[in-house]
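Before any comments, here is the structure.
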Amino acid sequence: VLRPRLVERLNEGLHGKLTLISASAGFGKTTLVSEWLAASKRPAAWLSLDEADSDLTRFLAYLVAALQTIAPSVGEGMLAALQSPQPPPTEAMLTALLNDIAAIPHNFILVLDDYHVVDATAVDQALAFLLDHLPPQMHLVLTTREDPQLPLARLRARGQMTEVRATDLRFTPAEAAGFLHQVMGLKLAAAEVSALETRTEGWIAGLQLAALSMRGR
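Reminder that position 119 of the sequence shown reads as 761 in my numbering, one-by-one numbering, no gaps.
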């Protein structure tokens, strides 16, 4: 289901440092970002996170690997430092990484998908440091089920963050009708679509489950 109103908001948010897409499961966060990037003119790096990425060394290594899909040489110094017996302080490694990012000659997007699975203060602090010193070439996108422990209030006050939340992600009646008719192949009256949209409160996963249960009935 194409969602131009949300894609437009994401495009407008590129002037800032961070786009935060925060909602519980089943609201189509990852699908929305995928649709947006498919139509975007900016190159994008994507990192899907899991619980093991709460380890700072692992997180930074995968972060660099994602960035190297944009610029193959970025972060080489950080990777070497991470593998040394006594790595330098985290901020020193991050500063070197920021210098590499600043040398990239074009704008790009980095997506950290499912950031809520990361449960580590060290990772939050590293990401906050990156955001504080982020070069203008890079825009960070976080999808999460809960707000991260980052300086969101400061970013919000400075106009450097765009937020997309559950109230934004809920299907409108028109989007619900398109989904039920075109995607799920149901032939429903307008009143039936309205009833489903009201009962599920526009929750995309709920509409899908309802549609699956109605097939052939």
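In this text, a Cβ means the ideal position worked out from N, Cα and C, and glycines have one as well.
Take the alpha-carbon of R857 and the one of V825: they are about 12 Å apart. Counting C-beta atoms within 10 angstroms of its own C-beta, S666 has fewer than 16 neighbours from the protein chains shown and is therefore classed as exposed.
Distance from the Cα of V753 is smallest, within the candidate group Q791, R645 and T786, for T786.
Rounded to the nearest angstrom, the Cβ distance from L838 to L822 is 7 Å, consistent with a contact under 8 Å. Collapsing the DSSP output to three states places L660 in a strand. Bridge partners of L782 according to DSSP: L660 and L752. Per DSSP, R647 lies in no beta strand (DSSP E) segment; the continuous alpha helix (DSSP H) that holds it begins and ends at P646 to E654.
Within 10 angstroms of the beta-carbon of S664 lie 16 or more other beta-carbons, which makes it buried. Between A744 and P777, the C-beta spacing is below 7 Å. In the DSSP assignment, V806 falls outside any alpha helix (DSSP H) and within the unbroken beta strand (DSSP E) covering M803 to R807. Taken through DSSP and simplified to helix, strand or coil, S690 comes out as strand. Uninterrupted beta strand (DSSP E) stretches at least 3 residues long and entirely within the stretch 678 to 740 occur at 686 to 690, given in chain order.
A direct Cα-Cα distance of roughly 33 Å separates L739 from A808.
Contiguous alpha helix (DSSP H) elements confined to the stretch 783 to 850 occur at 794 to 799, 808 to 811, 815 to 820 and 832 to 842, taking only those with 4 or more residues.
The closest CA to that of I746, considering only A762, A681 and A713, is found on A713. Here A708 is buried. Its C-beta has 16 or more other C-beta atoms within 10 Å. Under the three-state reduction of DSSP, H758 is assigned to helix.
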